[in-house]
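*Asks:* As given, the protein sequences belong to chains R and B, one line each in that order. Just so you know, we're using the numbering used here here: the first sequence kicks off at 17 and counts up by one. Just so you know, we're using the numbering used here here: the second sequence kicks off at 5 and counts up by one.
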Amino acid sequence: MSVTTANGDRSHRLTINEDAQRMIDLARTEGIETVWDRVAAQEPQCGYCALGLSCRNCSMGPCRIDPFGEGPQKGVCGADADVIVARNLGRTIAAGSSSHSDHGRDILEVFLATARGETTGYRIADEAKLTRLATELGITTDGRDIRQVAEQVADALYEDYGSRKESLALAARAPVARQELWRQLHIAPRGIDREQVEMLHRTHMGVDNDYVNILLHALRTGLADGWGGSMIATELSDIMFGTPTPVMSEVNLGVLKTDQVNIAMHGHNPLLSDVVVAAAADTELLDLARSYGATGINVVGLCCTGNEMMMRRGVPIAGNHLMQELIMVTGALEAMVVDYQCIMPSVTDVAKCYHTQVISTSDKAKFPGATHVSFDPAHGAEIARQIVRMAVEAYPNRNPDRVRIPVEPVRMMAGFSVEAILGALGGTPKPLIDAIASGAIRGAVAVVGCNNPKIPQDYGHVELTRRLIENDVLVIVTGCAAVANGKAGQMLPESAALAGPGLRGVCEAVGIPPVLHMGSCVDNSRVLVLAAALANALGVDIDKLPLAGAAPEWYSEKAVAIGAYVVASGVTTVLGVQPPIFGSPHVVDLLANGLDDVVGAKFAVEPDPERAALLIRRHIEAKRQALGLPFVDVDAVEPVAAVLSGA
Amino acid sequence: MRSVFVNPERCIGCRQCEIACAIEHSISRDTISAYLESPVPRTRIHVDAGREATTAFPNRCRHCDPAPCQQVCPTGAITRDESLGIVIVDPGRCIGCAMCAVVCPFDVITFHPLVGGTDSQTAVAVKCDGCQGRLSRGEMPACVEACKVDALVFGELNELVAEARLRESGAVLAAAVGTSARTALDPLLAWHALGRATTQLADHAAAQGGAR
């Protein structure tokens, strides 16, 4: 069924990218339903839910609160709008924190098994990083077998998932003042699973009935993700697959090859994708592909799996979140291999219209209509070859008349781990701090998060980033925001020409883009590490720095967890999509104002990227002023009205 | 004259009126089993999205007098109950010609198989019947009862219009002379404003030439 949106939106109103526009038009012509059709069909979406005012936590309900104040003001249990909104938000953050952390645990399991020699296809790739991490955890490394050290590191990190500690090991990376603040507020994360489970407990009917108390624990639940589950995922991925270094690659649907077997790795965990990339170079499988008339096997990434593979292997990325259906409309995709998170249930429906094989691999994420190949790290290499073989066997089913790869790829640079950034700066954050202190760089902003069909795809990411770099603000990107900026050509060393004169000078001197690719969504933990390193180098807490976060097109529960830990770590964050909290004036006031007095950072909501850029620049200049650095009045330099009308 | 009055600015798009209406017009009148009936019961009120995100309009039969649908119905299936002030369809006489839908100024007549219709397969005109049964029991129409934000209210029409006028004058005066009915942070207004801003992004994106 083809559906036009309520206002008859044409594809150029749905996305800023030519590849997506052409595929949406084709999908509509061919009667293939996509996410944009479904969001139109869902409109109007329920206002109670959008405002956070509906509660399904118990069966005295479901309940809802009248936001106009005349209908019911309390649920059956007596919970008012504040409690219901806070409980819902808390559960959202618990789900997001759990998702990242369970991803981290999966890597931890394979890391331990690899240390014990129980896997195929995995190894300790970065011994130096393992040694540094072991030292940080108080594990002696001198003269010891690296696998023994790895086993002990794994044991120590498993402890962080439990209930018996007072604080997480890696939270010690935060500035001492920040750790002390967390202790005073009773929000220092103690155990990863513990905080998430405790949030589910607190939001059961009749437990935590104080919205402030619930929201404080929500911050702790977020911190357990950022300084816990996500950080463990990032650290161990680097150790097993290599710490990223700057690498050139390509992005958009143009990375698909007309004459090759195309395999898209979609999802999040590098455990699977890394061995599949290796298997695609298997000579026997390449011979098989050639026997079917293909000239090779082309592995590409989608979403955060794409970021993981590009960061470490230079593997091209076909697109971000909203491209997962459209990539199949090219008619050139033999297999979409998925693990978990952000994989729409609809992919198997679209696949039915083409020859694409959807191959699910995680026993915790099954897709009716997909072929399930249970991933077992003990046989990682063998399973990867089996998956690649399935893709090759699908190639003869391709209909050459339906192959239409819409655009040429765009080049982008990726791979800016904290280690790589410091390396580019000569080993210390000092050059960056000096550039910020002089005002050449005004500050740094992490633009992160997803795509959301409520926002024209990539418009928020690309416009916000562009306005920031034009005004000498260094931008760090992860996840879908990174892919969006790559497609827009803003992530090349020569993209420095798009930046203001100060940032441009620094980028050209060091040879880096003005928009730095820091990885996947779990790699937002890298942002924390970098912020902490800058703060520690300056001897101040993170909230004093001219930094900000932005999630212009967020959609997922994970994004809310990220927002929670970024703000709780002292970085003010601007959201482009409204979170479901507006049913409670108290909760809005706390998150948008009150938090600033508590953790030194707060949330703002601003869909328009032009205005969001102004908000962020005002914030950065205020932080500069407070630090005694040269600052400008953003509104005096560039009147708001002029910017808005010129937009 | 008692009537259902719509305050569209209050509608938050939850569509609970649609569910309540369908269940009211089922055989079982039970939330769970209603969906298992054949023919499946249908709503006669329709909540459609506005042009801006976070806006919606609950659209239903206005029971016009004279009613264009009644005037064009070739089989006399549409009649007016003068005592209740409502326009009703006799599904047994409806031939599904859709003339009523063609002339309806509000596009609120849809076609589905109906209990009491020609048979369980043939679509007949389905529209609001004013919840006669509920009214005779002294209850409010199902859609009004389901609405917790007063987007749908039931009562003497002129009284409801006067109430709405009062709210309107408050809003106009607040804008004109700077008095404000709500002085505190108003998240609901913010929610609507953010919805409007989000909708405008598509214009901005398209104005910038779209493709890159």
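Yeah, the Cβ is synthetic: ideal placement off N, Cα and C, and Gly gets one too. As the structure is a prediction and not an experimental result, all values here were calculated from the model.
1. Under a three-way DSSP split, which group does L69 of chain R fall into?
2. Once the 5 residues before and after H29 of chain B are set aside, which same chain residues still bring their CB inside 6 angstroms of it?
3. Beta carbons nearer than 8 angstroms to chain B: which residues of the stretch 333–354 of chain R have them?
4. Where DSSP assigns a beta bridge to P218 of chain B, which residues make up the other side?
5. What does R14 of chain B reach in chain R if we use C-beta pairs closer than 8 angstroms?
6. Does T202 of chain B get closer than 7 angstroms to chain R when you measure Cβ to Cβ?
7. Would you check whether the ligand ZN has a heavy atom nearer than 6 angstroms to the C-beta of K560 of chain R?
8. Using a Cβ-Cβ distance cut-off of 7 angstroms, determine whether P154 of chain B contacts chain R.
9. With 16 other CB atoms within 10 Å as the buried threshold, where does D559 of chain R fall?
10. Starting from the Cα of P260 of chain R, find the closest Cα among R:I123, R:S433, R:L591 and give me that residue.
11. How far does the alpha helix (DSSP H) with E8 of chain R in it extend, from its first residue to its last?
12. Chain R beta carbons: is any one of them nearer than 7 angstroms to that of A180 of chain B?
13. Using only the alpha-carbon positions, how far apart do G120 of chain B and E167 of chain B sit?
14. At what residues does the alpha helix (DSSP H) containing H77 of chain R begin and finish?
15. When DSSP labels each residue in this structure, what does G347 of chain R get in the three-state scheme?
16. How far does the alpha helix (DSSP H) with M247 of chain R in it reach, from first residue to last?
17. Looking at chain B, is there any beta carbon in it that lies within less than 7 angstroms of the beta carbon of P646 of chain R?
18. Out of B:C73, B:A150, B:A206, point me to the one whose CA is closest to V8 of chain B's CA.
19. With 7 angstroms set as the bound, which would you pick, yes or no: does the beta-carbon of A60 of chain B sit closer than that to a beta-carbon of chain R?
20. For G17 of chain B, return the contacting residues in chain R, with the cut-off set at a CB-CB distance below 7 angstroms.
21. Within 7 angstroms of any Cβ in chain R, is that where the Cβ of L205 of chain B sits?
22. Just tell me which of R:C523, R:V590, R:G207, R:L272 has its CA closest to the CA of A440 of chain R.
23. Taking the DSSP output, what are the residues bridged to F619 of chain R?
24. Which same chain residues end up closer than 6 angstroms to L606 of chain R when comparing Cβ atoms and leaving out the 5 residues on each side of it in sequence?
25. Can you name the residues that DSSP bridges to G335 of chain R?
26. Output the boundary residues of the alpha helix (DSSP H) element that contains M39 of chain R.
27. On the three-state DSSP scale, how would you describe L490 of chain R?
28. According to DSSP, is Q641 of chain R helix, strand or coil?
29. List the endpoints of the continuous alpha helix (DSSP H) containing E143 of chain R.
30. Assuming H233 of chain R and E214 of chain R form a contact by the criterion Cβ under 8 angstroms, report the distance between their Cβ atoms to the nearest whole angstrom.
31. What residues from chain B crowd round G222 of chain R, counting only those whose CB sits closer than 9 angstroms?
32. Using a C-beta to C-beta distance shorter than 7 angstroms, which residues of chain R count as neighbours of A209 of chain B?
33. What residues are listed by DSSP as bridge partners for A567 of chain R?
34. By the three-class DSSP mapping on this structure, what secondary structure does A652 of chain R have?
35. When burial is assigned at 16 or more other CB atoms within 10 Å of the CB, is Q340 of chain R buried or exposed?
36. Between which two residues does the alpha helix (DSSP H) holding E214 of chain R run?
*Replies:* Based on what the coordinates show:
1. Working through the first sequence from its first residue, we reach residue 69 of chain R at position 53. Three-state DSSP puts L69 of chain R in coil, outside helix and strand.
2. Looking up residue 29 of chain B in the second sequence gives position 25. So the qualifying residues of the chain are P45.
3. none
4. The question about residue 218 of chain B has no answer, for chain B in this structure spans 5 to 216.
5. Numbered from 1 along the second sequence, position 10 holds the residue referred to as residue 14 of chain B. Ordered by position in chain R, the residues that pass the 8 angstroms Cβ test against R14 of chain B are F84.
6. Taking the first residue of the second sequence as 1, we reach residue 202 of chain B at position 198. Taking Cβ atoms only, chain R reaches closer than 7 angstroms to T202 of chain B, which makes this a yes.
7. Of ligands this structure carries none, so the ligand ZN is not represented either.
8. Sequence index remark: in the second sequence, residue 154 of chain B carries index 150 (1-based). What sits at residue 154 of chain B in the sequence shown is Asp, not Pro. Answer yes: the Cβ-Cβ gap between D154 of chain B and chain R drops below 7 angstroms somewhere.
9. Here the question's residue 559 of chain R lines up with position 543 in the first sequence. It is buried - the Cβ of D559 of chain R has at least 16 other Cβ atoms within 10 Å.
10. Residue 260 of chain R sits at position 244 when you count from the first residue of the first sequence. The shortest Cα separation from P260 of chain R among R:I123, R:S433, R:L591 belongs to R:S433.
11. Since the first and last residues shown for chain R are 17 and 663, residue 8 of chain R lies out of range.
12. To locate residue 180 of chain B, count along the second sequence from 1; it is residue 176. With 7 angstroms as the cut-off, A180 of chain B does not count as an interface residue toward chain R.
13. Numbered from 1 along the second sequence, position 116 holds the residue referred to as residue 120 of chain B. Numbered from 1 along the second sequence, position 163 holds the residue referred to as residue 167 of chain B. Approximately 39 angstroms between the Cα atoms of the pair.
14. For the purposes of this step, residue 77 of chain R is taken as residue 61 along the first sequence, with counting starting at 1. A small correction: the amino acid at residue 77 of chain R is Gly; His does not occupy that position in the sequence shown. Note, G77 of chain R: premise wrong, no alpha helix (DSSP H); not H, not E.
15. Indexing the first sequence from 1 puts residue 347 of chain R at position 331. The answer is coil: DSSP assigns G347 of chain R none of H, G, I, E or B.
16. Residue numbering aside, residue 247 of chain R sits at position 231 when the first sequence is read from its first letter. Where M247 of chain R is concerned, the enclosing alpha helix (DSSP H) stretches over 246–257.
17. Counted from its first residue, the first sequence places residue 646 of chain R at position 630. It does not; no Cβ of chain B falls within 7 angstroms.
18. Indexing the second sequence from 1 puts residue 8 of chain B at position 4. It is B:A150 whose Cα lies nearest to the Cα of V8 of chain B.
19. In the second sequence, residue 60 of chain B corresponds to position 56, counting from 1. Yes, contact with chain R.
20. Translated into the one-based positions of the second sequence, residue 17 of chain B becomes position 13. Within 7 angstroms Cβ-Cβ: P60, Q61, C62, G63.
21. For this step, residue 205 of chain B is matched to residue 201 along the second sequence. So, interface residue.
22. Locating residue 440 of chain R in the first sequence gives position 424, where the first residue counts as 1. Closest option to A440 of chain R, Cα to Cα, is R:C523.
23. Position 603 of the first sequence, counted from the first residue, corresponds to residue 619 of chain R. F619 of chain R pairs with R:T589.
24. Counted from its first residue, the first sequence places residue 606 of chain R at position 590. So the list is empty, once near-sequence residues are dropped.
25. Locating residue 335 of chain R in the first sequence gives position 319, counting from the first residue. Bridge partners of G335 of chain R: R:L318.
26. By 1-based counting over the first sequence, the position of residue 39 of chain R is 23. Element bounds for M39 of chain R: 34–45.
27. For the purposes of this step, residue 490 of chain R is taken as the residue at position 474 of the first sequence. Three-state result, L490 of chain R: strand.
28. For the purposes of this step, residue 641 of chain R is taken as the residue at position 625 of the first sequence. Note: Q641 of chain R maps to helix in three-state DSSP.
29. Translated into positions along the first sequence, residue 143 of chain R becomes position 127. 143–152 is the extent of the alpha helix (DSSP H) around E143 of chain R.
30. To locate residue 233 of chain R, count along the first sequence from 1; it is residue 217. To locate residue 214 of chain R, count along the first sequence from 1; it is residue 198. 7 angstroms between Cβ atoms; contact.
31. On the first sequence, residue 222 of chain R is found 206 positions in, with the first residue counted as 1. Per Cβ cutoff of 9 angstroms: no residues; G222 of chain R is ~23 angstroms from chain B at best.
32. Here residue 209 of chain B is taken as the residue at index 205 of the second sequence, counted from 1. Those are R29, I32, P472, Y475, listed as they occur along chain R.
33. To locate residue 567 of chain R, count along the first sequence from 1; it is residue 551. Answer by DSSP bridge pairing, in chain order: R:L591.
34. Within the first sequence, numbered from 1, the residue matching residue 652 of chain R stands at position 636. Of the three classes helix, strand and coil, the one that applies to A652 of chain R here is helix, per DSSP.
35. Start at 1 with the first residue of the first sequence, and residue 340 of chain R comes out as number 324. Buried: at least 16 other Cβ atoms inside 10 Å.
36. Mapped onto the first sequence, residue 214 of chain R falls at position 198. 208–218 is the extent of the alpha helix (DSSP H) around E214 of chain R.
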